[in-house]
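Report on one structure; see the data block that follows.
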Amino acid sequence: MSVKWPCTVLYVNKIIPTTSGFQDTLDRFLLDDDVWSKDFAHSFVIQTNLSGHDNVAVRVLSTSLSRVLPEGPYFLTNGKIHQAFRLYPDTSGAFVVSTVPGKNSDAFRFLDASAYGEKYPSALTVAVPSRLYFQATPERPYARLRLAIKDTINLKGLKMGALSLAYTSLHPPRESNAEVVKELLDLGFVVTTQFADSEWPICDWIDYHAPFNPRGDGHLTTSGSSANSAAAVASYPWLDFALGTDTLGTIRAPAAAQGIFEMRLSLGAASFKGIVPYSPKFDTVGRFSRTAKEFKVLAEALYDSRTGPGSVRTKPIKILYPTDYWPLNDQPMQEVLNNAISKLEDFLGNPSEYFEPVFEWGSNPDQWTGFFKDFLPQYEARFGKPPALNPQLRSKTDEDDYSSTLMVLPWTDGQPDYRDRYHDGPQLFTGIGFFFYHIEPEKLPAALGILGPKGSDASLARLVSDVFGESDEVKDYSPGSQKLITIDL
185 MSVKWPCTVL YVNKIIPTTS GFQDTLDRFL LDDDVWSKDF AHSFVIQTNL
235 SGHDNVAVRV LSTSLSRVLP EGPYFLTNGK IHQAFRLYPD TSGAFVVSTV
285 PGKNSDAFRF LDASAYGEKY PSALTVAVPS RLYFQATPER PYARLRLAIK
335 DTINLKGLKM GALSLAYTSL HPPRESNAEV VKELLDLGFV VTTQFADSEW
385 PICDWIDYHA PFNPRGDGHL TTSGSSANSA AAVASYPWLD FALGTDTLGT
435 IRAPAAAQGI FEMRLSLGAA SFKGIVPYSP KFDTVGRFSR TAKEFKVLAE
485 ALYDSRTGPG SVRTKPIKIL YPTDYWPLND QPMQEVLNNA ISKLEDFLGN
535 PSEYFEPVFE WGSNPDQWTG FFKDFLPQYE ARFGKPPALN PQLRSKTDED
585 DYSSTLMVLP WTDGQPDYRD RYHDGPQLFT GIGFFFYHIE PEKLPAALGI
635 LGPKGSDASL ARLVSDVFGE SDEVKDYSPG SQKLITIDL
């Protein structure tokens, strides 16, 4: 058996640092990284371009090494140097596989390892690389940030099973990454592993075990099909973000149930190529984060990378408060959500406008894009005035007003919903609608939904970050059982 020695690789450029300088570097490693520890400080490998050294320390270890190694933790064995990964137990059951980098830089392979069999016998072992290996550049500004992927999204070198053993057995490993994964890898994100997905814990999880919601007593529902993505972000501080998908609520509902930030992206804001479809009319990519500031980071990465930073819209000037959803019967929940709405009103400088009913306002969204958007300017160009329309149609024709409007909705109603509840049958989706998942405010987050116009993804995320980034109600993002408010968009 070969002996593996933990060591720390450092780079010395021009000036040999003092003892205190070395110590400052190690203190920075300990602060910035969860993989490096003092166990790696017993041996050092020094890379340098000082005259007379010529990277001797590195070339002795591996004559095939053609580049300077990133600083950080490594293992030495048989004269070779290997990167270090930290192994975490998946105690919430959020992951379907654990992955490590494949032979190609954009590919992945399964990690066949178990490090917690005695303490957590059913937990998957998840490996994460040192954050010190990745340095942000103008081309890769999001290096060091860890991202996990739902098991309906292709990862090169891995089977994508969509939570179905039958589907997994039918298809070979994927030969390419989904388009959205390619974009995020190019921006520097570090993909760590792959999630399972399904709907209700009791009736829809037949090939895998449903994840555990870390909030409350640990036995409340995780909600819809991106539940694993939300459970991991809510459970593990070592994971920054997760990707999921949303058709009719399967991003929004898990975030509400587990107390984190999420956004269902506008249709077309991120490519759906390489992702298992549900309904092309409604399918879109979604993502999860723990904090308002992190929420903005991933929104900008997903949206600005396609449209450019110049696409930011003006600040909304109107908040719609639909009276067919407000107020809630549960007064404590209503008070918590009122506080969040008040912060939004104070920031925008406008009170909410009460109106009803929401379904008439939001019905037939294709009416604008498929007809009125072209009809109105054509009519005005020919006749020199706008056409006469009935009130229901006039409410949909002012695009500038539409672009500056937000709607607030209660995403939780104050009632608990447990993972062991039996249902009459599988969850059915019938069309456009809002799905409410019951939350107990003493144990789980109060969730406020904020709806914005199509294409406002990044600017809406910036608004949420500005309003709630330092909010007293939204300041404790620690994984586990917490009482906090979450924002769904």
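Be aware that the sequence shown starts at 185, since it is given in the working numbering, and climbs by one per residue.
No residue lacks a Cβ here, since even glycine has one placed at the ideal position from N, Cα and C.
Note that this is a predicted model, so its numbers are computed, not measured.
Selected residue, minimal CA-CA separation from residue i, among the options
i      : options                        : result
Leu316 : Phe445, Lys465, Arg270         : Arg270
Asp467 : Phe445, Leu215, Gly458         : Gly458
Cys191 : Thr429, Val219, Pro535         : Val219
Ile333 : Val374, Asp274, Ala297, Trp510 : Val374
Arg475 : Lys340, Ile265, Ala426         : A small fix is needed here, since residue 475 is Thr in this sequence, not Arg. Selected option, being the one with the closest Cα: Ala426.
Val365 : Phe292, Ala418, Ala524         : Phe292
Gln231 : Leu647, Leu194, Pro201, Leu210 : Leu194
Tyr505 : Leu647, Thr405, Gly636, Ile435 : Gly636
Ser360 : Met344, Phe318, Leu339         : Leu339
Ile390 : Ala350, Ala414, Pro356         : Ala350
Pro663 : Pro511, Asp641, Val417         : Val417
Val469 : Ala415, Gly452, Thr202         : Gly452
Leu308 : Asp508, Val280, Pro322         : Val280
Pro356 : Asn262, Ile503, Ala414, Leu342 : Leu342
Ile501 : Ser473, Glu537, Ala311, Leu486 : Glu537
Leu647 : Phe555, Leu528, Tyr602         : Leu528
Glu478 : Asp650, Gly408, Asp604, Ala268 : Asp650
Gly277 : Arg328, Ala327, Asn197, Ser413 : Ser413
Gly372 : Trp189, Ala320, Asn262         : Ala320
Trp189 : Val196, His226, Asn197         : His226
Ser473 : Lys499, Gly428, Lys557, Ser455 : Gly428
Gly402 : Thr376, Ala441, Leu368         : Ala441
Asp604 : Ala327, Ser407, Val312, Tyr304 : Ser407
Phe456 : Glu446, Arg471, Tyr487, Ala362 : Ala362
Ile160 : Phe294, Leu532, Gln518, Tyr304 : Here the chain comprises residues numbered 185 to 673, so residue 160 is not present and cannot be evaluated.
Ile634 : Pro600, Pro516, Ala327, Ser588 : Ser588
Val284 : Arg358, Arg448, Phe396, Val312 : Val312
Span of the beta strand (DSSP E) around residue i
i      : result
Asp430 : 425 to 430
Phe206 : Counting along the chain, Phe206 falls outside any beta strand (DSSP E), though it belongs to the alpha helix (DSSP H) covering 203 to 216.
Arg293 : 292 to 294
Gln267 : 264 to 267
Ser473 : 468 to 473
Ser282 : 279 to 285
Gln231 : 228 to 232
Arg448 : 445 to 448
Phe652 : Segment 641 to 652 is the alpha helix (DSSP H) holding Phe652; no beta strand (DSSP E) there.
Thr589 : 589 to 594
Inter-residue Cα distance where the pair is residue i and residue j
i      : j      : result
Tyr272 : Leu347 : 22 Å
Ala631 : Leu521 : 7 Å
Pro596 : Gly568 : The sequence as given places Thr at residue 596; Pro does not occur at that position. Approximately 48 Å, taken between the alpha carbons.
Arg330 : Tyr258 : 19 Å
His393 : Leu590 : 38 Å
Leu260 : Val229 : 10 Å
Pro398 : Ser410 : 15 Å
Val242 : Asp370 : Confidence is the limiting factor: at Val242 the pLDDT is only 43, short of 50, which leaves the residue's position unreliable and the question unanswerable from this model.
His237 : Ile444 : Only weak support exists for where His237 lies, its pLDDT of 49 falling under 50; the coordinates are left without a value.
Ala572 : Tyr563 : 11 Å
Ala297 : Pro594 : 43 Å
Phe620 : Ala437 : Only weak support is given to the placement of Phe620: the predicted model assigns it a pLDDT of 35, under 50, and the question is left unresolved by the model.
Ser289 : Ser204 : 36 Å
Ile199 : Gly301 : 47 Å
Asp424 : Pro561 : 45 Å
Asp514 : Trp422 : 35 Å
Ser640 : Ser450 : 8 Å
Glu323 : Glu484 : 14 Å
Ala645 : Lys480 : 5 Å
Val310 : Lys638 : 36 Å
Pro201 : Gln207 : 10 Å
Ala268 : Ser353 : 32 Å
Phe213 : Thr336 : 35 Å
Asp530 : Tyr509 : 22 Å
Met344 : Leu404 : 28 Å
Ser282 : Thr507 : 46 Å
Ser221 : Glu367 : 32 Å
Asn557 : Lys465 : Per the sequence shown, residue 557 should be read as Lys rather than Asn. Their backbone Cα atoms lie some 19 Å apart in a straight line.
Asp584 : His266 : In this prediction, Asp584 has a pLDDT of 45, which is less than 50 and means its spatial position is unreliable; nothing more can be read from the coordinates.
Phe559 : Arg566 : 11 Å
Thr376 : Phe555 : 44 Å
Extent of the continuous alpha helix (DSSP H) to which residue i belongs
i      : result
Glu519 : 515 to 532
Pro561 : 557 to 567
Glu367 : 363 to 370
C-beta neighbour in chain B for residue i, strict 8 Å
i      : result
Tyr326 : As a matter of chain content, chain B is missing from the structure shown, which is built from one protein chain.
Assumed close pair residue i, residue j - CB separation to whole angstroms, cut-off 8 Å
i      : j      : result
Ser463 : Thr431 : 5 Å
**Request:** Enumerate, from N- to C-terminal direction, the unbroken beta strand (DSSP E) stretches of 3 or more residues contained entirely within the stretch 302 to 332.
**Result:** 309 to 313
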